[in-house]
Amino acid sequence: MTRKGKYQLMLAGSGVAFVFLLMTEVLPRWEESLALYVAVKESESMEITPDEAAQRRPELESRKRVLLSTLEREKGRFVQSRTSVIEFVAAGSRKHSVRLLSLVPLETRTIGSVSETGLKVSVTASFHQLGMFVGAIESGSVPVQLRSLEIARDQAGSALLQASLEAHAYTIPKPSLR
Numbered sequence: 003m004t005r006k007g008k009y010q011l012m013l014a015g016s017g018v019a020f021v022f023l024l025m026t027e028v029l030p031r032w033e034e035s036l037a038l039y040v041a042v043k044e045s046e047s048m049e050i051t052p053d054e055a056a057q058r059r060p061e062l063e064s065r066k067r068v069l070l071s072t073l074e075r076e077k078g079r080f081v082q083s084r085t086s087v088i089e090f091v092a093a094g095s096r097k098h099s100v101r102l103l104s105l106v107p108l109e110t111r112t113i114g115s116v117s118e119t120g121l122k123v124s125v126t127a128s129f130h131q132l133g134m135f136v137g138a139i140e141s142g143s144v145p146v147q148l149r150s151l152e153i154a155r156d157q158a159g160s161a162l163l164q165a166s167l168e169a170h171a172y173t174i175p176k177p178s179l180r
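For the sequence shown, the positions run 3 to 180 when this note's numbering is used.
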């Protein structure tokens, strides 16, 4: 091979190496930089002025109150009363996609300062959903203790189960201010 051919081969190899490095190292970094630049420009376009913020403040405050009340209900901070027990069980059924067929409060007994409310609940759900529901109501903020659980298949060949639960919920009512 002639000297000129060697230089041409070396030059072609260097060109191929340059293109390879450009494609594998430089271009991806430039793409990341461009994506970051676009994200910064988007965030700049979404900025609002102090006057716009003052105008939106009442709307945002009302939305905040609604969302906080929803969050409190979802977190399970129910008031300790007989109706809150029913709300708690109904919220648990909605959360775990369990179809609540009936929810019947039974007698309430007071033992000292604790009220014990009996419940009879009938639901339809899959095995997994039923287990999640039972776990949620037993470990929630309102103490519920499962006394009996009867499970039957809803229909032949169906994945749904029909369950009848008997439970006792314990609440400590707030003292009256009168």
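We treat Cβ as the ideally placed atom computed from N, Cα and C, and that holds for glycine.
- Here Ile174 carries a coil assignment [DSSP, helix/strand/coil].
- The three-state secondary structure of Pro107, taken from DSSP, is strand.
- With fewer than 16 other Cβ atoms from the protein chains shown falling within 10 Å of its own Cβ, His130 counts as exposed.
- Nearest in C-alpha terms to Ala92, of all of Leu163, Leu13, Leu121, Met3, is Leu121.
- Rounded to the nearest whole angstrom, the C-alpha separation of Met12 and Ser35 is 33 Å.
- C-alpha of His98 to C-alpha of Leu38: approximately 39 Å in a straight line.
- Restricting attention to Leu23, Leu69, Glu89, Val100, the CA atom closest to the CA of Met134 is found in Val100.
- The Cβ-Cβ distance between Gln164 and Val125 falls below 9 Å.
- A distance of 9 Å or more separates the beta carbons of Ser117 and Thr51.
- As the crow flies, the alpha-carbon of Ser95 is around 43 Å from that of Ser47.
- Taking 9 Å as the cut-off, the beta carbon of Leu148 is found no closer than this to the beta carbon of Ala161.
- Straight-line spacing of the CA atoms in Leu69 and Leu23 works out to 52 Å.
- Put simply, of Val123, Gly114, Pro60, Thr112 the residue whose alpha carbon is nearest the alpha carbon of Ser150 is Val123.
- DSSP places Gly142 in the coil class of the three-state scheme, outside both helix and strand.
- The DSSP-derived three-state label of Thr126 is strand.
- Taking the CA atoms as reference points, Val21 sits about 41 Å from Glu49.
- In this structure, Val136 lies away from Phe90, with their beta-carbon atoms at least 9 Å apart.
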